[in-house]
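Visitor: What follows is a single structure, and I will ask about it in a moment.
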Amino acid sequence: MPLNVTVYFDVASTAPLHPVARQALTAALDEGWADPARLYRSGRQARMLLDAARETVAAVLGARADEISFTASGTQAVQLGLLGALAGNRRRGAHLVHSAVEHSSVLHVAERHEAGGGEVSVAPVDRAGRVDPAAFGALLRTDTALAALQSANHEVGTVQPVGEVAALCAGAGVPLLVDAAQSAGRVDVPTGWSLLTASAHKWGGPPGVGVLAVRKGVRYASPLPADEREGGRVPGYVNVPAIVAAAASLRAVRAEAERENARLHALVERIRGRVPQLVPEVEVVGDPVRRLPHIVTFSCLYVDGEVLLTELDRAGFAVSSGSSCTSSTLTPSHVLAAMGVLTEGNVRVSLPYGTAEADVERFLAVLPDLVAGVRAPLGLDLPAPVGAAETTPRAEGRAGAESDERQATDAGGSAGAKSVGAGSERPEASGGVAATPRAEGRAGAESDERQATDAGGSAGAKSVGAGSERPEASGGVTVVDALGKRCPLPVIELAKRIGEVPVGGTIAVLSDDEAARLDVPAWCGMRGQEYAGEAPAADYGGDRGSAYLVLRRS
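Dropping the structure here:
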């Protein structure tokens, strides 16, 4: 494949413009440019196009036409829906319930609602990213004004039990907002919703068009100043050509869904099955059965997500990631964190309609060597990719060099045995742990770190707090200093040093990166080790951050 041709595997972010949308948009620019609120001929024509588009969207989403309002985006639809329903039900109370894996637009409204004096309850999810309907229902109260649950998750593709939750909400008299951004047009819309939102660019319509559906009888008060357009819910001039194109493409993709979903489901199943066979130390996340047909997500241990995405881009594949190193916030994905899975080295593949089988096969062919190239400079003893040839010079050079640059530590060297400064002694913590100076504590280098004995310590897994006893680890605790180092470096250093600890022993990883709180336990689950809890880093000689304790079991 030519280097300037990219296979697009990121339709969950935005879908390419559907050919039907392009045709409809071009025609509507000529026929629907006028103000649909005017009575002259061109205005009436624009109104007819807008009404027809509204009818089309309503039919696909299972709503009435007068329940549909068009917004400027899916995010705006979610925000208006949440704020409007909360305002409309304020006499009932100010309590909001949502799942832990909702889109950030829901989380931001919840933060604002809480800051304004409201209450928010968050329903947890299991390791597959799915809420338990009973647990969600248990959060509903007499003062609950609104509940929110996505139809399917945008990062891992897990389909939520909306019907069951909707029944519980109806029984409690609580309206339910369903964010259907990822599923609208692809699968049947779940039943039981009170408010529903969607986004046109997710199904192949033009950007700038969102959908807010509010069932008749649902209390809704616009959080914005009054406007006569879009049922008083969305102020401002409507983009008729874009709305027409959005409706036309929604109808088209829904008609294609049955055939394409089966094909994409099989391709995703192939990726889910073969990636763990081809690439060592990989976890495929999300529900393997109750999932969208086109999304698969996996996380690679010891890999910087940004480096891997860059290498995949150079190889001609556009994919996405929930890793903090690829986001502007540098915080772990709240979805992966809520699931309790590895947050680093994350890759999300989402296949558009028409994806060729050959492109999936080529992705599977290049992935093992790319991951191996990213990991190569780390010096970890990992099995070779199954069926992969020797790492090419390109993989060892370009991927390896960039990985070395990004995954190497700051000027103080790679994270190693903790010390408080060259020539100084480590403060003792509940029995004392000494180590070499930081300048000598290189990753993978020999260390004269001393393992101090905990008198009367316990070998059992426990959460350790300041002033409490540390777990006993066959006579001592090995301390790894990863302070100031971004994930995945703390986990990489843990993997390098775990072999120095006898079975039954303890290793304490010091880190001030929030992602380590998630990735160290996830590493333990993947590697058959036991996570023993978290303690202040000061207990192990650190000046900030936390100590994550691991008991070696194998």
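Residue numbers for the sequence shown, in full-length UniProt numbering: 1 to 554.
From the three backbone atoms N, C-alpha and C, an ideal C-beta is built for every residue, glycine too.
None of the values given here were measured: they were computed from a predicted structure.
Taking only the alpha-carbon atoms, compute the straight-line gap between ALA15 and ILE68 and give it to the nearest angstrom.
Guide: Numbered from its first residue, the sequence shown carries residue 15 at position 15. Numbered from its first residue, the sequence shown carries residue 68 at position 68. ALA15 and ILE68: Cα-Cα distance of roughly 22 Å.
Visitor: Could you name the residues that DSSP lists as bridge partners for GLN150?
Guide: What you label residue 150 is simply residue 150 of the sequence shown in a count that begins at 1. ASP179.
Visitor: Are there three or more Cβ pairs, one per stretch, closer than 8 Å when the segment 86-96 is compared with the segment 50-63?
Guide: Flag = no, the segment 86-96 and the segment 50-63 do not touch.
Visitor: Can you give the Cα-Cα distance for TRP523 and LEU301, rounded to whole angstroms?
Guide: Taking the sequence shown and counting its residues from 1, the one referred to as residue 523 is at position 523. Taking the sequence shown and counting its residues from 1, the one referred to as residue 301 is at position 301. Using only the alpha carbons, I get a separation of about 8 Å.
Visitor: Can you find the residues in the same chain that come closer than 6 Å, C-beta to C-beta, to LEU264, ignoring five residues on each side of it along the sequence?
Guide: The residue you call residue 264 lines up with position 264 of the sequence shown. Contacts found: PRO293, HIS294, LEU351.
Visitor: Output needed for GLY231: all residues of its chain with C-beta closer than 6 Å, excluding positions within five of it in sequence on either side, in chain order.
Guide: To locate residue 231, count along the sequence shown from 1; it is residue 231. Excluding positions up to five away in sequence, the list reads SER69.
Visitor: May I have the straight-line CA-CA distance separating PRO521 from TYR531, to the nearest angstrom?
Guide: The sequence position of residue 521 within the sequence shown is 521, counting from 1. The sequence position of residue 531 within the sequence shown is 531, counting from 1. Roughly 6 Å separates the two Cα atoms.
Visitor: Going by DSSP, what residues sit across from ASN346 in a beta bridge?
Guide: Sequence index remark: in the sequence shown, residue 346 carries index 346 (1-based). Paired residue(s): SER299.
Visitor: Assign GLU514 to one of three DSSP states: helix, strand, or coil.
Guide: As a working note, residue 514 is residue 514 in the sequence shown. Coil.
Visitor: Is it the case that the segment 96-106 contacts the segment 118-138, given that we only count it when at least three CB pairs across the two stretches are under 8 Å?
Guide: Contact check between the segment 118-138 and the segment 96-106: three or more CB pairs, one atom from each, fall below 8 Å, which counts as touching.
Visitor: I'd like the list of long-range same chain contacts for MET526, defined as Cβ closer than 8 Å, with 5 residues on each side in sequence excluded.
Guide: Here residue 526 refers to the residue found at position 526 when the sequence shown is read from its first residue. Excluding sequence neighbours, MET526 sits near GLU281, GLU283, LEU301, LEU342.
Visitor: Looking at the unbroken beta strand (DSSP E) that takes in ALA535, where does it start and where does it end?
Guide: Along the sequence shown, read from residue 1 onward, the residue named residue 535 stands at position 535. It spans 530-536 - the beta strand (DSSP E) in which ALA535 sits, taken as one unbroken run.
Visitor: Output the boundary residues of the beta strand (DSSP E) element that contains HIS294.
Guide: Locating residue 294 in the sequence shown gives position 294, where the first residue counts as 1. That residue, HIS294, is in no beta strand (DSSP E); it is neither H nor E in DSSP.
Visitor: So, helix, strand or coil for TYR540, using DSSP?
Guide: As a working note, residue 540 is residue 540 in the sequence shown. Helix.
Visitor: At what residues does the beta strand (DSSP E) containing SER121 begin and finish?
Guide: Locating residue 121 in the sequence shown gives position 121, counting from the first residue. Per DSSP, SER121 belongs to the beta strand (DSSP E) from 119-123.
Visitor: Using DSSP with H/G/I as helix, E/B as strand and the rest coil, what is GLY10?
Guide: Taking the sequence shown and counting its residues from 1, the one referred to as residue 10 is at position 10. A small fix is needed here, since residue 10 is Asp in this sequence, not Gly. Note: ASP10 maps to strand in three-state DSSP.
Visitor: List the whole-angstrom C-beta distance separating PHE9 from VAL349, where the pair is believed to meet the contact cut-off of C-beta under 8 Å.
Guide: Along the sequence shown, one-based indexing puts residue 9 at 9. Along the sequence shown, one-based indexing puts residue 349 at 349. Going by Cβ atoms, the distance from PHE9 to VAL349 rounds to 5 Å, so yes, they are a contact pair.
Visitor: Under the rule that 16 or more other beta-carbon atoms within 10 Å means buried, what is VAL268, buried or exposed?
Guide: Counting from one through the sequence shown, the residue named residue 268 turns up at place 268. Under a 10 Å Cβ-count criterion, VAL268 is classified as buried, with 16 or more other Cβ atoms of the shown protein chains found around its own Cβ.
Visitor: Report all residues from its chain with a CB closer than 8 Å to the CB of ARG22; omit the five preceding and five following residues, and keep chain order.
Guide: As a position in the sequence shown, residue 22 is number 22, starting the count at 1. Excluding residues within five positions, the ones whose Cβ falls inside 8 Å are ALA245.
Visitor: Please work out which residues of its chain come closer than 6 Å, Cβ to Cβ, to TRP193, disregarding the five sequence neighbours upstream and downstream, and give them in chain order.
Guide: Sequence index remark: in the sequence shown, residue 193 carries index 193 (1-based). Only LEU176, VAL178 meet the Cβ criterion.
Visitor: So, with DSSP's three-state summary, where would you put HIS108?
Guide: Start at 1 with the first residue of the sequence shown, and residue 108 comes out as number 108. Helix.
Visitor: Does the Cβ of VAL189 have 16 or more other Cβ atoms within 10 Å, making it buried, or fewer, making it exposed?
Guide: As a first step, residue 189 is located in the sequence shown; it is residue number 189 there, counting from the start. Buried, by the Cβ-count rule.
Visitor: Quick one: what does DSSP say ALA15 is sitting in, helix, strand or coil?
Guide: Within the sequence shown, numbered from 1, the residue matching residue 15 stands at position 15. Reduced to three states, the DSSP call for ALA15 is coil.
Visitor: For the alpha helix (DSSP H) that GLU361 lies in, which residues bound it at each end?
Guide: On the sequence shown, position 361 is the one that residue 361 refers to. Element bounds for GLU361: 357-375.
Visitor: When you compare only the Cα positions, how much space is there between LEU82 and ARG233?
Guide: The residue labelled residue 82 in the question sits at position 82 within the sequence shown. The residue labelled residue 233 in the question sits at position 233 within the sequence shown. Answer to the nearest angstrom: the Cα atoms are 12 Å apart.
Visitor: Can you check which of these residues, GLY322, ARG291, LEU312, LEU278, is closest to SER299 by C-alpha distance?
Guide: Mapped onto the sequence shown, residue 299 falls at position 299. Answer by Cα proximity: GLY322.
Visitor: Just verifying my parser: in three-state terms, what is the DSSP assignment at ALA115?
Guide: Residue 115 sits at position 115 when you count from the first residue of the sequence shown. Residue state, collapsed to three classes: helix.
Visitor: Quick check on the DSSP output: what are the complete beta strand (DSSP E) runs of length 3 or more inside the segment 47-73, in order along the chain?
Guide: The segment 47-73 is shown to contain whole beta strand (DSSP E) runs of 3 or more residues at 68-71, in chain order.
Visitor: Rounded to a whole number of angstroms, what is the C-alpha to C-alpha distance between ALA535 and VAL550?
Guide: Stepping through the sequence shown from its first residue, residue 535 is reached at position 535. Stepping through the sequence shown from its first residue, residue 550 is reached at position 550. Each residue's alpha carbon lies about 11 Å from the other.
Visitor: For ARG345, count the other beta carbons within 10 Å of its own beta carbon; 16 or more makes it buried, fewer makes it exposed. Which is it?
Guide: Position 345 of the sequence shown, counting from 1, holds the residue named residue 345. Here residue 345 turns out to be Gly, not Arg, going by the sequence shown. By the neighbour-count rule (16 or more Cβ atoms within 10 Å), GLY345 is buried.
Visitor: Which first and last residues belong to the alpha helix (DSSP H) in which ASP227 is found?
Guide: Here residue 227 refers to the residue found at position 227 of the sequence shown. No alpha helix (DSSP H) holds ASP227; DSSP gives it neither H nor E.
Visitor: Would you say residue 557 and LEU370 are within 8 Å of each other, going by their C-beta atoms?
Guide: Residue 557 is absent from the model: the chain starts at 1 and stops at 554.
Visitor: Sort THR56, LEU367, GLY74 by Cα distance to ASP66 and report the nearest one.
Guide: Here residue 66 refers to the residue found at position 66 of the sequence shown. ASP66 has its Cα closest to that of THR56, out of THR56, LEU367, GLY74.
Visitor: Using DSSP with H/G/I as helix, E/B as strand and the rest coil, what is VAL550?
Guide: In the sequence shown, counting from the first residue as 1, residue 550 sits at position 550. In this structure, VAL550 counts as strand in the three-state DSSP scheme.
Visitor: Excluding sequence positions up to five away, which residues of its chain have a Cβ less than 7 Å from the Cβ of ALA515?
Guide: Counted from its first residue, the sequence shown places residue 515 at position 515. Taken in chain order, the residues that qualify are SER324, PRO332, THR343, GLU344, CYS487.
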